[in-house]
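Number of protein chains: 2
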Amino acid sequence: MIQCEDHGLCISTAMEVADRICTEKRLKFTDLRKDMLRMIWDGHAPQKAYGLLSKLQVKNHSAKPATVYRSLDFLLENGFIHKVKSLNAFVGCSHPSKHDECYFLICDSCKEISECCDSNITSAIKATTKRNQFFVKNTTLEIAGHCNACSKRTE
Amino acid sequence: MIQCEDHGLCISTAMEVADRICTEKRLKFTDLRKDMLRMIWDGHAPQKAYGLLSKLQVKNHSAKPATVYRSLDFLLENGFIHKVKSLNAFVGCSHPSKHDECYFLICDSCKEISECCDSNITSAIKATTKRNQFFVKNTTLEIAGHCNACSKRTE
DNA sequence: GTTTATTTGTTATATTGTAACATCTGGTAT
DNA sequence: ATACCAGATGTTACAATATAACAAATAAAC
Numbered sequence: 019m020i021q022c023e024d025h026g027l028c029i030s031t032a033m034e035v036a037d038r039i040c041t042e043k044r045l046k047f048t049d050l051r052k053d054m055l056r057m058i059w060d061g062h063a064p065q066k067a068y069g070l071l072s073k074l075q076v077k078n079h080s081a082k083p084a085t086v087y088r089s090l091d092f093l094l095e096n097g098f099i100h101k102v103k104s105l106n107a108f109v110g111c112s113h114p115s116k117h118d119e120c121y122f123l124i125c126d127s128c129k130e131i132s133e134c135c136d137s138n139i140t141s142a143i144k145a146t147t148k149r150n151q152f153f154v155k156n157t158t159l160e161i162a163g164h165c166n167a168c169s170k171r172t173e
Numbered sequence: 019m020i021q022c023e024d025h026g027l028c029i030s031t032a033m034e035v036a037d038r039i040c041t042e043k044r045l046k047f048t049d050l051r052k053d054m055l056r057m058i059w060d061g062h063a064p065q066k067a068y069g070l071l072s073k074l075q076v077k078n079h080s081a082k083p084a085t086v087y088r089s090l091d092f093l094l095e096n097g098f099i100h101k102v103k104s105l106n107a108f109v110g111c112s113h114p115s116k117h118d119e120c121y122f123l124i125c126d127s128c129k130e131i132s133e134c135c136d137s138n139i140t141s142a143i144k145a146t147t148k149r150n151q152f153f154v155k156n157t158t159l160e161i162a163g164h165c166n167a168c169s170k171r172t173e
């Protein structure tokens with residue numbers, strides 16, 4: 019369970035940060051993209067593309083898969099969200115400006131995901147890839163299990 | 019590019035190990051499952067489910083998606099293969115008996131995958147999850163980039 | 001204001017994965 | 001031997017995820 023006292027704050031912060039970055043980079047933060055990002059930030063659990071599509075269709079009756087995937091691409095490219103590959107789902111990024119080296123703790127029970135950006139893991143990975151003479155472009159680290167709250171609950 | 023002088027040896031070793039484990043655990047290593055494992059070990063690049071289906075249908079005209087996915091489930095459950103989540107593809111495991119803590123180096127260029135089972139990474143992950151009071155069930159670490167051979171080639 | 005590039009709409013389809021039930025096969029108990 | 005049972009495979013149908021290709025709308029740049 020994520021420690022956010024006020025999830026409204028998570029959302030508004032994420033929206034503001036995205037807005038600022040879009041202004042800086044002269045990207046178009048359209049209504050569609052805003053809606054998508056807000057929907058993804060609905061909680062700390064990842065959202066699935068077709069779930070987002072359903073929600074989108076409430077407002078925008080003509081939304082189609084391509085509508086959703088194009089917005090997702092935009093949000094991914096600019097670091098506003100992550101794709102959780104082990105779940106085929108999408109989750110908001112809480113620090114889009116330094117988006118690298120983000121690792122995920124995925125609770126199988128409450129479904130919430132928290133980012134853990136740990137420099138020790140990063141340097142361990144760097145050491146290993148260097149030893150293997152491997153040139154890294156992208157790292158996916160997804161750790162599934164139970165968060166503290168949920169593992170207490172099930173005891 | 020993987021350093022295997024003789025890929026026939028990779029295949030035969032993998033088949034023998036699987037056979038031994040199946041005997042020990044009283045699992046049925048059927049012709050279908052053997053064919054599937056051999057096809058996955060066709061090389062060090064990951065194989066996609068529907069690609070395997072096509073190959074399987076050459077021998078077994080009646081093969082269907084379920085045929086393939088059920089075999090894949092068997093091979094996954096018993097540690098003979100890994101699912102590469104970032105690619106939705108499957109690759110043979112070269113040490114099924116100690117199957118945990120396997121990390122992957124995925125070359126975007128030659129597509130080959132090598133396992134890098136590094137205890138430093140494992141302990142860095144353990145330290146981080148402990149600090150976050152997170153109880154790990156399963157870890158996915160997939161590192162994409164270029165292997166040494168390919169990065170030399172493109173220079 | 002016209003051109004240009006980007007975004008969105010729209011249709012169609014490709015790819016990946018499961019559910020549910022029928023049939024077969026090989027071992028076990030009688 | 002044979003009746004039974006469990007696990008494996010066959011079969012049909014479909015669900016879920018994702019992309020391609022082209023048209024229309026919109027915003028930016030000239």
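As you go down the protein sequences, you meet chains B and V in turn.
Heads up, the working numbering is the position in the first sequence plus 18, with the first residue counted as 1.
Heads up, the working numbering is the position in the second sequence plus 18, with the first residue counted as 1.
Where a beta carbon is used, it is the ideal one built from N, C-alpha and C, also for glycine.
- Less than 8 Å separates the beta-carbon of B/Phe108 from that of B/Leu90.
- Collapsing the DSSP output to three states places V/Thr48 in coil.
- For B/Gly61, the three-state secondary structure derived from DSSP is coil.
- Nearest in C-alpha terms to B/Gly61, of all of B/Asp136, B/Ile131 and B/Thr147, is B/Ile131.
- Among the CB atoms of chain B, one or more fall inside 8 Å of the CB of V/Ser104.
- At a cut-off of 8 Å between beta carbons, V/Glu42 makes no contact with chain B.
- If you draw a straight line from the Cα of B/Lys144 to the Cα of V/Lys144, it comes to about 17 Å.
- Residue pairing of V/Gly163 in beta bridges, as defined by DSSP: B/Val154 and V/Cys125.
- With respect to the 8 Å criterion, B/Ile20 and B/Ile58 are not classified as neighbours on the basis of their beta carbons.
- For a cut-off of 8 Å, the C-beta gap from B/Arg56 to B/Leu93 is around 11 Å, too long to register as a contact.
- The beta carbon of V/Asn106 sits closer than 8 Å to those of Lys66 and Ala67, all from its chain and outside the five residues before and after it, given in chain order.
- For B/Thr147, the residues of chain V that pass the 9 Å Cβ criterion are Leu123, Cys134, Ile161 and Gly163, in the order they occur in the chain.
- A straight line joining the alpha-carbon of V/Ala162 with that of V/Asp136 spans about 16 Å.
- Using beta-carbon distances, B/Gln151 counts as an interface residue toward chain V, with a partner under 8 Å.
- Residue-level contact check: B/Ser80 does not touch chain V, since none of the beta carbons of chain V fall below 8 Å from its beta carbon.
- Under the rule that a run must span 3 or more residues, the beta strand (DSSP E) segments found entirely inside the stretch 66-139 of chain B read 99-102, 107-110, 121-125 and 131-134.
- Chain-ordered, the chain B residues with CB closer than 8 Å to the CB of V/Ile139 read Ile139, Ala142, Ile143 and Thr146.
- In the three-state reduction of the DSSP assignment, V/Asp24 falls in the coil class.
- Taking a contact as a CB-CB distance under 8 Å, the pair B/Thr158 and V/Thr158 counts as one, their CB atoms being some 7 Å apart.
- Chain order gives the chain B residues near V/Val154 as Leu123, Ile161, Ala162, Gly163 and His164, where near means a beta carbon separation below 9 Å.
- Inter-residue distance for V/Leu74 and V/Val154 is about 36 Å (C-alpha atoms, whole angstroms).
- With fewer than 16 other Cβ atoms from the protein chains shown falling within 10 Å of its own Cβ, V/Ala84 counts as exposed.
- For the stretch 58-83 of chain B, there are no residues whose beta carbon sits under 7 Å from a beta carbon of chain V.
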